[in-house]
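Undergrad:
2 protein chains.
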Amino acid sequence: MVGRAAKGSGVGRKREQAPEGPMATRRAPTITDVARLAGVAVGTVSNVLNGTVPVGGDRRDRVLAAVAQLGYRPNMLAQGLRRRRSPVVGICVPRTSVAYFAALVEAFEEIASDGGYHVMHVLTHDAAELERQRVASLLRYHVGGVVLVPGAEPAPTLDMLAQSDTPVVVVDRTARGYGFDEVTFDNRAAMRDATERLIGLGHRRLLFVVRRRKLVVTQQRIQGMRQAVRGSGAEVSAEILECAEEQELRTRLAVALTAVPRPTAVIVSNSTFAAAAMRAIRAMKLRCPDDVSLLAFDEPEWAELVSPTLSVVRQPTRDIARMAWELLLRRMRGGADQRQQVELKAQVVLRDSVARPPLASKRARQRGG
Amino acid sequence: MVGRAAKGSGVGRKREQAPEGPMATRRAPTITDVARLAGVAVGTVSNVLNGTVPVGGDRRDRVLAAVAQLGYRPNMLAQGLRRRRSPVVGICVPRTSVAYFAALVEAFEEIASDGGYHVMHVLTHDAAELERQRVASLLRYHVGGVVLVPGAEPAPTLDMLAQSDTPVVVVDRTARGYGFDEVTFDNRAAMRDATERLIGLGHRRLLFVVRRRKLVVTQQRIQGMRQAVRGSGAEVSAEILECAEEQELRTRLAVALTAVPRPTAVIVSNSTFAAAAMRAIRAMKLRCPDDVSLLAFDEPEWAELVSPTLSVVRQPTRDIARMAWELLLRRMRGGADQRQQVELKAQVVLRDSVARPPLASKRARQRGG
DNA sequence: CTGAAAGCGCTTACAG
DNA sequence: CTGAAAGCGCTTACAG
Numbered sequence: 057m058v059g060r061a062a063k064g065s066g067v068g069r070k071r072e073q074a075p076e077g078p079m080a081t082r083r084a085p086t087i088t089d090v091a092r093l094a095g096v097a098v099g100t101v102s103n104v105l106n107g108t109v110p111v112g113g114d115r116r117d118r119v120l121a122a123v124a125q126l127g128y129r130p131n132m133l134a135q136g137l138r139r140r141r142s143p144v145v146g147i148c149v150p151r152t153s154v155a156y157f158a159a160l161v162e163a164f165e166e167i168a169s170d171g172g173y174h175v176m177h178v179l180t181h182d183a184a185e186l187e188r189q190r191v192a193s194l195l196r197y198h199v200g201g202v203v204l205v206p207g208a209e210p211a212p213t214l215d216m217l218a219q220s221d222t223p224v225v226v227v228d229r230t231a232r233g234y235g236f237d238e239v240t241f242d243n244r245a246a247m248r249d250a251t252e253r254l255i256g257l258g259h260r261r262l263l264f265v266v267r268r269r270k271l272v273v274t275q276q277r278i279q280g281m282r283q284a285v286r287g288s289g290a291e292v293s294a295e296i297l298e299c300a301e302e303q304e305l306r307t308r309l310a311v312a313l314t315a316v317p318r319p320t321a322v323i324v325s326n327s328t329f330a331a332a333a334m335r336a337i338r339a340m341k342l343r344c345p346d347d348v349s350l351l352a353f354d355e356p357e358w359a360e361l362v363s364p365t366l367s368v369v370r371q372p373t374r375d376i377a378r379m380a381w382e383l384l385l386r387r388m389r390g391g392a393d394q395r396q397q398v399e400l401k402a403q404v405v406l407r408d409s410v411a412r413p414p415l416a417s418k419r420a421r422q423r424g425g
Numbered sequence: 057m058v059g060r061a062a063k064g065s066g067v068g069r070k071r072e073q074a075p076e077g078p079m080a081t082r083r084a085p086t087i088t089d090v091a092r093l094a095g096v097a098v099g100t101v102s103n104v105l106n107g108t109v110p111v112g113g114d115r116r117d118r119v120l121a122a123v124a125q126l127g128y129r130p131n132m133l134a135q136g137l138r139r140r141r142s143p144v145v146g147i148c149v150p151r152t153s154v155a156y157f158a159a160l161v162e163a164f165e166e167i168a169s170d171g172g173y174h175v176m177h178v179l180t181h182d183a184a185e186l187e188r189q190r191v192a193s194l195l196r197y198h199v200g201g202v203v204l205v206p207g208a209e210p211a212p213t214l215d216m217l218a219q220s221d222t223p224v225v226v227v228d229r230t231a232r233g234y235g236f237d238e239v240t241f242d243n244r245a246a247m248r249d250a251t252e253r254l255i256g257l258g259h260r261r262l263l264f265v266v267r268r269r270k271l272v273v274t275q276q277r278i279q280g281m282r283q284a285v286r287g288s289g290a291e292v293s294a295e296i297l298e299c300a301e302e303q304e305l306r307t308r309l310a311v312a313l314t315a316v317p318r319p320t321a322v323i324v325s326n327s328t329f330a331a332a333a334m335r336a337i338r339a340m341k342l343r344c345p346d347d348v349s350l351l352a353f354d355e356p357e358w359a360e361l362v363s364p365t366l367s368v369v370r371q372p373t374r375d376i377a378r379m380a381w382e383l384l385l386r387r388m389r390g391g392a393d394q395r396q397q398v399e400l401k402a403q404v405v406l407r408d409s410v411a412r413p414p415l416a417s418k419r420a421r422q423r424g425g
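So the protein lines, in turn, are chains A and B.
Numbering of the first sequence is given in our numbering, commencing with residue 57 and proceeding in unit increments.
Numbering of the second sequence is given in our numbering, commencing with residue 57 and proceeding in unit increments.
#1: With a threshold of 6 angstroms on Cβ separation, who are the neighbours of Ala-321 of chain B within its own chain once the five nearest residues in sequence on each side are excluded?
#2: Give me, in chain order, the residues of the same chain whose beta-carbon lies closer than 6 angstroms to that of Thr-251 of chain A; leave out the 5 immediate sequence neighbours on both sides.
#3: Name the residues in the stretch 234-250 of chain A whose C-beta lies less than 7 angstroms from a C-beta of chain B; which are they?
#4: Evaluate the contact criterion for the stretch 187-200 of chain A versus the stretch 354-365 of chain A: three or more CB pairs, one atom per stretch, below 8 angstroms.
#5: With distances taken from CA atoms, which of B:Val-145, B:Arg-151, B:Glu-162 is nearest Pro-150 of chain A?
#6: If the cut-off is 8 angstroms on Cβ atoms, which residues from the stretch 159-183 of chain B count as contacting chain A, listed in chain order?
#7: Less than 9 angstroms between CB atoms is the rule here; does Pro-130 of chain A satisfy it with respect to chain B?
#8: Using 8 angstroms for Cβ pairs, my map puts Gly-398 of chain B next to Val-239 of chain B. What's the rounded Cβ distance?
#9: My understanding is that Leu-217 of chain B touches Val-224 of chain B, with C-beta atoms under 8 angstroms, so please give their C-beta distance in whole angstroms.
#10: In the stretch 118-147 of chain B, which residue ranges form an unbroken alpha helix (DSSP H) of at least 4 residues, counting only runs that do not cross its ends?
#11: Which complete alpha helix (DSSP H) runs does the stretch 246-320 of chain A hold, if anything under 4 residues is left out?
#12: Nearest to Thr-373 of chain B by CA position, among B:Asp-237, B:Arg-244, B:Pro-212, B:Phe-353, is which residue?
#13: Taking the alpha helix (DSSP H) that Asp-221 of chain A belongs to, which residues open and close that run?
#14: Mapping DSSP to helix, strand and coil, what is Ala-352 of chain B?
#15: Nearest-angstrom Cα distance between Val-104 of chain B and Val-119 of chain B?
#16: Skipping 5 residues on each side, what residues in its chain have a beta carbon closer than 6 angstroms to that of Val-405 of chain A?
#17: Quick check on this structure: which residue in B:Gly-391, B:Arg-83, B:Val-123 has the alpha carbon closest to the alpha carbon of Val-96 of chain B?
#18: Does Met-79 of chain A come out as helix, strand or coil in the three-state DSSP assignment?
#19: So which residues of chain B does Tyr-197 of chain A contact, with C-beta pairs closer than 7 angstroms?
#20: What three-state label does DSSP hand Gly-113 of chain B in the structure shown?
#21: Note down the Cα distance separating Phe-157 of chain A from Asp-228 of chain A, rounded to an integer number of angstroms.
#22: For the beta strand (DSSP E) containing Met-176 of chain A, name the first residue and the last one.
#23: Measuring straight from C-alpha to C-alpha, what distance separates Arg-244 of chain A and Tyr-197 of chain A?
#24: What do you reckon, are the CB atoms on Arg-181 of chain B and Gly-207 of chain B nearer than 9 angstroms?
#25: Please name the residues in the stretch 356-389 of chain B whose beta-carbon is closer than 8 angstroms to at least one beta-carbon of chain A, in chain order.
#26: Round the Cβ separation of Arg-407 of chain B and Leu-366 of chain B to the nearest angstrom and send it over; I've been treating them as touching at under 8 angstroms.
#27: Can you pull the chain B residues whose beta carbon is under 9 angstroms from the beta carbon of Arg-286 of chain A, in chain order?
#28: Would you give the residue range spanned by the beta strand (DSSP E) that Gln-189 of chain A belongs to?
#29: Kindly indicate which three-state DSSP category Phe-241 of chain A falls into: helix, strand or coil?
#30: For Leu-194 of chain B and chain A, any beta-carbon pair shorter than 9 angstroms?
#31: Drop a sphere of 10 angstroms on the beta-carbon of Ser-102 of chain B, count the other beta-carbons inside from all chains shown, and report buried for 16 or more, exposed for fewer.
#32: Quick one: Cα of Pro-110 of chain B to Cα of Arg-138 of chain B, how far?
#33: So, for Asp-249 of chain B: in the same chain, excluding its five sequence neighbours on each side, which residues have a beta-carbon less than 7 angstroms away from its beta-carbon?
#34: For Ser-102 of chain A, go through chain B and note every residue whose CB falls closer than 7 angstroms to its CB, in chain order.
#35: Taking buried to mean at least 16 other C-beta atoms within 10 Å of its own C-beta, is Gly-442 of chain B buried or exposed?
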């Protein structure tokens with residue numbers, strides 16, 4: 057069937073095409089092939105398939121039959137070119153080795169696919185130039201929309217997106233000064249909450265390990281931490297350790313943990329860092345949580361498997377993905393007027409990796425005895 | 057600059073286009089805009105940009121200047137339509153929640169992007185119909201190539217791919233009976249090795265937990281296990297537990313582990329299952345490895361963090377991605393004649409989660425004492 | 001080497 | 001409701 061149709065499709069061609077190899081296969085059937093087989097105009101086929109214009113019963117059936125017989129599938133390149141937009145959405149995240157981003161991409165891919173869209177997936181590595189290039193690539197495909205987790209210096213990327221007329225939803229990290237829809241979670245509140253609880257347990261020397269200090273989320277978390285410190289009225293030192301390369305983390309953290317007096321609680325910004333920090337702490341023969349407490353943003357699948365079980369800030373990943381898709385779809389359909397900024401709540405989950413600090417527990421014991 | 061150019065670009069249009077909203081932005085500049093600004097034919101612009109035909113110094117410079125001034129970027133939809141192929145490659149994996157697939161996708165995305173290609177990423181969930189649909193979508197974009205980790209019943213998908221003239225590389229799971237290039241690792245050997253070492257430690261009752269029995273890789277692993285059992289000359293029972301849903305794993309495994317006599321070593325087929333198995337074992341108040349040894353295919357980042365540290369079969373993920381890209385590129389460039397089947401080696405890494413079985417260690421102790 | 005023109009496979013006003 | 005035709009933004013033989 058397919059063979060016959062394909063042969064037929066070649067007949068009308070003005071120019072002969074050389075076969076593309078020893079085993080050249082049949083060209084995919086086009087709308088012209090369908091029209092010819094059904095005995096209608098190509099426009100009619102298009103109308104039937106898209107429901108643009110009602111088409112009479114008989115002709116309609118013939119078109120559908122021809123489509124089925126040929127196994128016709130519209131060429132999205134042609135369709136996109138003509139419609140000036142294709143049913144592809146791009147999603148740009150820094151990396152997928154971080155559990156949170158992997159989950160975000162997977163959830164988004166699932167939701168978008170269910171909606172008949174396709175996902176083009178690019179990695180920005182939190183590098184401004186890479187990010188700009190990758191998003192530029194997406195734009196060359198005239199994607200229908202873009203979901204972006206912006207990096208540390210997203211201005212070039214965001215300017216480019218703003219100039220294109222592409223619907224955009226910014227996710228996870230707010231993009232100040234731009235009018236895009238946003239889905240984030242409240243990093244400030246999450247960090248404030250986490251810090252308050254650490255201080256409440258008696259911790260007075262905190263260390264926050266981040267990949268990039270400049271990131272909006274990092275800034276927000278630092279603010280949350282400072283708020284909690286001020287609010288506590290206690291003498292609390294809160295230091296930041298920036299560590300762009302995961303490989304460095306171990307040695308950098310080792311140095312930080314040999315300081316006198318030593319931080320008693322370490323907060324890290326993602327699951328990869330959490331793994332590295334646990335390794336570093338073990339390598340130093342420190343005990344967690346007896347010597348040092350550990351808390352991580354991002355909830356990896358192994359959080360409850362390690363010992364001590366890992367305390368985390370759990371992001372509402374699926375909700376973020378779902379909301380991002382909803383907002384994007386709304387814009388893509390043109391029904392969006394007002395800018396939407398959705399801020400979800402994250403949840404602090406304390407597990408065994410967080411406990412009273414060494415001194416505090418001594419004190420507590422003294423008081424208790 | 058951009059503003060002026062965009063205005064210019066609208067002048068020549070035959071049909072007026074209604075602005076697409078209150079804040080309609082400028083259309084992206086096209087090759088026609090560039091040609092007009094440079095005062096050359098569009099074909100010349102194309103020739104300069106693609107190097108198809110040498111273009112004289114002056115005109116060349118003018119084109120390049122115009123491109124820069126307008127910030128022109130070729131429309132990949134048009135280019136792809138005309139060239140009958142676009143610089144996009146599709147990658148289809150069952151899911152990304154499994155660390156191995158996530159790593160594979162990330163590595164591949166990185167390598168392909170470096171090569172100037174874009175990656176469209178679809179998830180098949182190991183479901184035949186979904187797989188077929190997702191790959192069909194890829195094909196509608198006339199992607200330049202497809203990397204596929206085939207699911208349990210890949211025939212419809214593979215037939216479809218074979219009929220299209222799209223370059224394909226099958227990865228991780230061999231596709232018997234099809235002529236595609238393949239990059240796999242030797243599951244049989246890896247499992248044989250693992251099984252031999254377990255038997256060597258004294259294990260006589262093995263349990264292999266798989267998501268889908270029908271998968272080629274599963275079959276190969278089972279073969280490897282049986283070979284090892286036969287080769288050992290010992291009385292070894294090797295059972296298979298199929299568990300398609302992760303949620304079920306805990307209860308299914310609990311049942312299997314209360315059998316009398318109980319399996320002393322459990323092998324699971326991926327990292328997600330490993331996490332679930334650890335949880336199940338703990339929930340049953342069994343000790344690992346004292347009561348039951350555990351070994352997983354796939355090396356998650358947390359393998360050395362949990363206690364006991366997790367024994368694994370470590371796949372050569374980056375090598376697989378790199379090789380897949382190499383083979384795909386070769387086919388996309390048309391320089392491929394012979395079918396290539398690359399089989400890499402996986403490595404069995406025994407850690408604390410594997411030890412002598414209860415009885416054997418008793419025996420050993422008796423002998424020792 | 002250069003320009004004018006055909007054509008990739010669609011959609012969409014426009015006449016009938 | 002239907003068909004013929006223009007056009008989306010490119011590439012690529014084809015004359016000059």
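C-beta atoms are modelled at their ideal positions from N, C-alpha and C, and glycine is treated no differently.
None of the values given here were measured: they were computed from a predicted structure.
TA: Reading it off the structure:
#1: If we look at Ala-321 of chain B and ignore the five residues flanking it on each side, its Cβ neighbours are Leu-254, His-259, Leu-262, Ser-349.
#2: Closer than 6 angstroms at the Cβ level, and outside the excluded window around Thr-251 of chain A, lie Met-281, Ala-284.
#3: none
#4: no
#5: B:Glu-162
#6: When CB distances to chain A are screened at a threshold of 8 angstroms, the residues of the stretch 159-183 of chain B falling below it are Ala-159, Val-161, Glu-162, Glu-165, Glu-166, Ser-169, His-174, Val-175, Met-176, His-177, Val-178, Leu-179, in chain order.
#7: yes
#8: The identity of residue 398 of chain B in the sequence shown is Val, whereas the question assumes Gly. That pair is a contact at about 5 angstroms.
#9: 5 angstroms
#10: 132-139
#11: With a minimum length of 4 residues, the continuous alpha helix (DSSP H) runs that stay inside the stretch 246-320 of chain A are 272-288, 302-313.
#12: B:Phe-353
#13: That residue, Asp-221 of chain A, is in no alpha helix (DSSP H); it is neither H nor E in DSSP.
#14: In the structure shown, Ala-352 of chain B falls within a strand segment according to DSSP collapsed to helix, strand and coil.
#15: Those two C-alpha atoms are separated by around 7 angstroms.
#16: Closer than 6 angstroms at the Cβ level, and outside the excluded window around Val-405 of chain A, lie Val-368, Arg-370.
#17: Sorting B:Gly-391, B:Arg-83, B:Val-123 by C-alpha distance to the C-alpha of Val-96 of chain B places B:Val-123 at the top.
#18: Residue confidence for Met-79 of chain A is low, a pLDDT of 35 falling below 50, so the modelled location carries little weight and cannot support an answer.
#19: Met-132, Leu-133
#20: helix
#21: 10 angstroms
#22: 174-179
#23: 37 angstroms
#24: The question names Arg, yet the displayed sequence has His at residue 181 of chain B. Yes, these two residues count as a Cβ contact at 9 angstroms.
#25: Pro-356, Glu-357, Trp-358, Glu-360, Leu-361, Val-362, Ser-363
#26: 6 angstroms
#27: What Arg-286 of chain A touches in chain B: nothing, since even the nearest Cβ is about 35 angstroms away.
#28: Looking at the DSSP string, Gln-189 of chain A is not in any beta strand (DSSP E); the run it does join, the alpha helix (DSSP H), is 184-196.
#29: strand
#30: yes
#31: Ser-102 of chain B comes out buried.
#32: 21 angstroms
#33: Here Asp-249 of chain B has Val-404 as same chain residues with Cβ atoms under 7 angstroms from its own Cβ, once five neighbours each way along the sequence are excluded.
#34: Those do not exist, as Ser-102 of chain A stays about 15 angstroms from chain B at its closest Cβ, beyond 7 angstroms.
#35: The requested residue 442 of chain B does not occur in the structure, where chain B is confined to residues 57 to 425.
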